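Protein chains in written order, with this note's numbering: chain F, 1 to 300; chain S, 1 to 230.
To start, the structure under review is shown below, and the notes come after it.
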Amino acid sequence: MSVSTLQETLDAGRFAVTAEIGPPRSCEPEQVRKLARMLKGSAHAFNLTDNQAANVRMSSLASSVLCLQEGLEPVMQMTCRDRNRIAMQSDLLGACALGVQNVLCISGDHQIFGNHPQAKNVYDVDPIQQLMIFRRMRDEGVNWSGEPLPQPPQPFLGAAANPFADPFEFRVVRLAKKVSAGAQFVQTQCVLDVERFQRFMGHVRERGLDEEVHVIAGVIPLRSHKAALFMKNKVAGMSVPDHIVDRLRRASDPKEEGIKLCLETIDSLKSTPGVHGVHITAIAWEEIVPRLVQEAGIGP
Amino acid sequence: MIIAERKPLTEVLEMLDGSGEITVLGCRSCTAICLAGGEKEAKEMTEALSLHSELKGKSWSIRPITVERACEKEFILPLQGVKGTVLSLACGVGAQVVQEMFPALQVIPGVNTSSMGAPEGMGVFVEKCAGCGDCILHLTAGICPIARCAKSLLNGPCGGSQNGKCEVSPETPCAWDQIVRSLTTQGRLDLLERNIPPKDWRPSRSGGPRRTVNVEAVPGDAQKAWRDTE
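Below, the structure is given as structure tokens:
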């Protein structure tokens with residue numbers, strides 16, 4: 001059974017780094033391998049998204065295995081949008097058989113946003129129920145229907161948390177529900193609104209959740225004020241303060257400013273009690289990840 | 001009530017191609033209330049089809065019949081003797097019951113049946129119930145997340161809930177936002193903390209077409225037979 005380096009890092013109290021790899025819209029393995037080789041060594045584990053934004057891409061399971069072959073540890077994302085409890089359990093068994101150590105349970109972007117808005121979604125279970133099912137498989141050695149699994153899977157189980165969605169007061173309750181359902185780590189939506197994130201973490205600590213779950217805060221390097229505006233206006237559940245948009249707009253070198261901004265955010269997150277790591281999402285700008293990690297001094 | 005809306009006339013005309021005798025069936029129940037298929041709409045449709053027939057030289061013979069409830073056999077007896085095509089403005093249930101009663105007729109849907117819901121304002125109808133067969137409204141402040149959350153989530157809003165709206169459309173209220181507010185008002189925040197386990201979907205459509213039997217109401221020997229199956 002493969003051991004999760006991400007889990008070992010977090011459980012040892014060390015600051016963890018994860019980064020995102022978006023699988024290609026084709027069956028070309030080289031696209032994943034190239035990114036993997038470029039990013040190798042810059043994070044403890046790498047999230048392979050599951051048909052992100054509801055666009056058809058190479059499966060997160062196949063992409064995770066390609067990463068494993070390149071010597072990277074994957075965090076396989078699994079949405080509730082595209083599979084029922086039968087497919088979920090089957091995919092978990094398959095992933096663990098192939099050496100995947102970490103699984104992230106998420107509801108998934110609604111299909112209306114993607115390239116198949118005509119599709120029927122599944123949502124047989126929600127991510128909290130998905131966690132319940134996976135934890136039971138691992139800890140009780142049975143599938144959800146109670147039948148024994150001669151070799152139970154041993155995934156390190158994660159979930160998503162969005163401190164920027166509404167209703168704000170419920171976001172911590174939802175996190176608590178995910179923790180009680182089996183989440184061992186959570187990766188948050190990208191933090192651009194640091195003030196709101198700090199308030200969220202205050203509630204997390206008040207409930208003592210920081211003792212029960214590893215919070216990995218999301219960060220994103222922005223390349224321009226247009227990227228910031230896109231996040232603000234087009235991405236559901238995002239909070240982008242105006243001062244960030246203005247700062248990027250005024251900058252003579254917006255890219256460098258975006259990197260600086262991201263490093264400042266990482267700095268503030270590193271000193272936030274209860275934050276045990278950062279998750280870097282650099283969509284179509286993956287090559288910046290090694291530099292960010294190095295300059296922030298957070299590499300594995 | 002069952003909510004439906006009229007199909008576009010062009011689509012109706014396409015379906016009617018090749019017809020001769022056409023009966024436009026209105027229903028005074030749900031589709032009348034949602035202004036899709038009552039007596040008034042059946043008359044309007046008849047007029048539109050007559051005009052089309054005249055203009056295109058179709059020589060259709062068209063007349064409207066409106067019944068009290070197209071979904072009950074007793075109420076569709078006025079259709080006895082009708083020949084040819086029935087353009088049903090009743091819901092999908094009514095259309096099927098008519099077809100069962102009169103197998104020789106060609107029943108054509110004149111409306112799209114969408115959901116079980118309620119009027120929200122003049123001309124606006126909103127889905128409320130998904131007919132899952134295992135009601136949990138007592139856990140969700142009387143607001144159904146299966147019907148009213150775009151992802152049918154049972155344990156709170158996803159990350160796309162913002163300012164009380166669903167990520168899918170700014171017109172759509174986030175059901176879980178409503179539930180959280182409602183439970184807060186009711187002082188039932190304890191319910192928010194409770195994890196609802198994976199649902200048994202067998203009583204829903206996932207268990208195949210459903211049959212509901214109220215044994216008390218079944219007469220004679222048949223009641224005994226149903227009791228034996230219980």
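Every residue, glycine too, gets a C-beta built ideally from N, C-alpha and C.
Since the model is a prediction, treat every value here as computed from it, not as a measurement.
Note to self: Is any non-hydrogen atom of the ligand NAD found closer than 8 Å to the C-beta of N115/F, if you look at the structure I gave you?
What the structure shows: For the structure depicted, the ligand NAD is absent and the ligand set is empty, with no information on it obtainable.
Notebook entry, point to check: Closer than 9 Å, CB to CB, is V100/F near chain S or not?
Noted result: no
Notebook entry, point to check: Quick one: what's got a C-beta closer than 6 Å to D200/S's C-beta in the same chain, skipping five residues either side?
Noted result: none
Next item on the list: Please name the residue in A141/S, C132/S and I196/S whose C-alpha comes closest to that of S206/S.
Entry: C132/S
Note to self: Counting C-beta neighbours from all protein chains within 10 Å, is the total for N214/S 16 or more, i.e. buried, or is it exposed?
What the structure shows: exposed
Check: Of the residues that make up the segment 174-200 of chain F, which ones have a beta carbon closer than 9 Å to any beta carbon in chain S?
Finding: R174, A176, K177, K178, S180, A181 and Q189
Check: So which of E41/S, G18/S, M1/S and R28/S has the shortest CA-CA distance to K7/S?
Finding: E41/S
Check: Nearest CA to the CA of K270/F: which residue from F134/F, D242/F, V215/F and S224/F?
Finding: V215/F
Next item on the list: Taking only the alpha-carbon atoms, compute the straight-line gap between C71/S and V98/S and give it to the nearest angstrom.
Entry: 8 Å
Check: Apart from the five residues just before and just after E257/F, which ones in its own chain have a Cβ nearer than 8 Å to its Cβ?
Finding: R247, L248 and A251
Notebook entry, point to check: Since H279/F meets chain S, which of its residues come closer than 7 Å, beta carbon to beta carbon?
Noted result: Those do not exist, as H279/F stays about 14 Å from chain S at its closest Cβ, beyond 7 Å.
Next item on the list: For P148/F, I'd like the list of residues in its chain whose CB is within less than 8 Å of its CB, leaving aside the five on either flank, ordered along the chain.
Entry: G141 and V142
Check: Mind checking R194/S: buried by the 16 CB within 10 Å criterion, or exposed?
Finding: exposed
Checklist line | Between the CA atoms of L157/F and R135/F - distance to the nearest angstrom | finding: 8 Å
Next item on the list: Could you work out which residues of chain F lie near G131/S, taking near to mean beta carbons separated by less than 9 Å?
Entry: Near G131/S there are no residues of chain F at all, since even the closest Cβ is about 16 Å away, more than 9 Å.
Next item on the list: Quick one: list the residues of chain F neighbouring A150/S, beta-carbon separation under 7 Å, in chain order.
Entry: H110
Check: For the segment 18-49 of chain S, which residues have a CB atom closer than 7 Å to at least one CB atom of chain F, in sequence order?
Finding: none
Note to self: Any beta carbon of chain S sitting closer than 9 Å to that of I133/F?
What the structure shows: yes
Item checked: Whole-angstrom C-beta distance between A181/F and I106/F, which should lie under 8 Å -> Wrong, their Cβ atoms sit about 13 Å apart, outside the cutoff.
Notebook entry, point to check: Looking at the C-beta of C80/F, does it have a partner C-beta in chain S at a distance below 9 Å?
Noted result: yes
Item checked: Length at least 3, wholly inside the segment 132-213 of chain S: the beta strand (DSSP E) runs in chain order -> 169-173
Notebook entry, point to check: Can the beta-carbon of Q118/F be found closer than 9 Å to that of R81/F?
Noted result: no
Margin query: Contact defined as beta carbons within less than 8 Å: I believe Q77/F pairs with L39/F. What is the distance between those atoms, to the nearest angstrom?
Written below: Not a contact, Cβ separation roughly 16 Å.
Check: With 16 other CB atoms within 10 Å as the buried threshold, where does S145/F fall?
Finding: exposed
Notebook entry, point to check: Looking only at C-alpha atoms, which of M116/S, E54/S, L153/S and S161/S sits nearest to F168/F?
Noted result: S161/S
Note to self: Assuming the contact rule is C-beta atoms closer than 8 Å, L263/F and L292/F should be a hit. Round their C-beta distance to whole Å, please.
What the structure shows: 7 Å
Next item on the list: Assign V213/F to buried or exposed, taking buried as 16 or more other Cβ atoms, counted over all protein chains shown, within 10 Å of its Cβ.
Entry: buried
Check: Which residues, taken in chain order from the segment 113-125 of chain F, show a beta carbon closer than 9 Å to some beta carbon of chain S?
Finding: F113, N121, Y123, D124 and V125
Next item on the list: Measuring only between beta-carbons, confirm whether V180/S sits less than 9 Å from chain F.
Entry: yes
Notebook entry, point to check: From the DSSP output, which residues share a beta bridge with L87/S?
Noted result: V24/S and I108/S
Note to self: Given a cut-off of 9 Å on the beta-carbon distance, is the pair S60/F and F164/F in contact?
What the structure shows: no
Next item on the list: Return the first residue and the last residue of the beta strand (DSSP E) that S61/S is part of.
Entry: S61 to V67
Note to self: I'd like the span of the beta strand (DSSP E) that includes P74/F, first residue to last.
What the structure shows: P74 to T79
Next item on the list: Could you pull the start and end residues of the beta strand (DSSP E) that T188/F belongs to?
Entry: F185 to C190
Item checked: CB contact check: R85/F to chain S, cutoff 9 Å -> yes
Checklist line | From Q89/F, D210/F, A19/F and G71/F, residue whose alpha carbon lies closest to that of I220/F | finding: A19/F
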